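Here is the structure we will look at.
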Amino acid sequence: MIIIDSASPVPPFEQLRAQLARQIQDRTLAVGARLPTIRHLAADLGLAVNTVGRAYRELEEAGLIETRGRAGSFVSAAGEEGRERARRAAADYAAVIASVGLDAAEALRIVQAALAAGAAAPASP
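1 is the number of the first residue of the sequence shown in UniProt numbering; add one for each residue after it.
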């Protein structure tokens, strides 16, 4: 279920993108699930077709969905691949932390700072 808050300062395309991304990441939308057409979803949500199209494009650029021409848009397996890549990176990081003798609390502070810096970085075009 997608809810667009017209009073929110967050643009509608971003509200839609974030909600779909969350549903993909928490597996509410399973890999291979077919998404509604852009026109259908726009009509259901009372949004412009271009607004929904932008959200779908950004999800596709992030590797969360894939468009198969006239067949439509589907939840991509790439999201699972990304999750597995993150797990491997975390395991590698844990090994580095153990090898340099840092405790878990310090390791988590380092990760939190890196995540905050990444979130604050401007998006690339």
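Backbone N, C-alpha and C define an ideal beta-carbon position, used for all residues, glycine too.
Keep in mind that this is a model prediction, so the values were computed, not measured.
Check	Outcome
Roughly how many angstroms lie between the CA atoms of residue 30 and residue 72, to the nearest whole one?	15 Å
Is the shortest distance between the beta-carbon of residue 43 and the beta-carbons of chain C less than 9 Å?	No chain C is present in this structure, which holds just one protein chain.
Counting beta carbon pairs with one atom in the segment 38-57 and one in the segment 15-23, are three or more of them shorter than 8 Å?	yes
What residue does the alpha helix (DSSP H) around residue 51 start on, and which one ends it?	49-61
Assuming residue 24 is part of the alpha helix (DSSP H), what are its boundary residues?	12-25
For residue 3, which of helix, strand or coil comes out of DSSP?	coil
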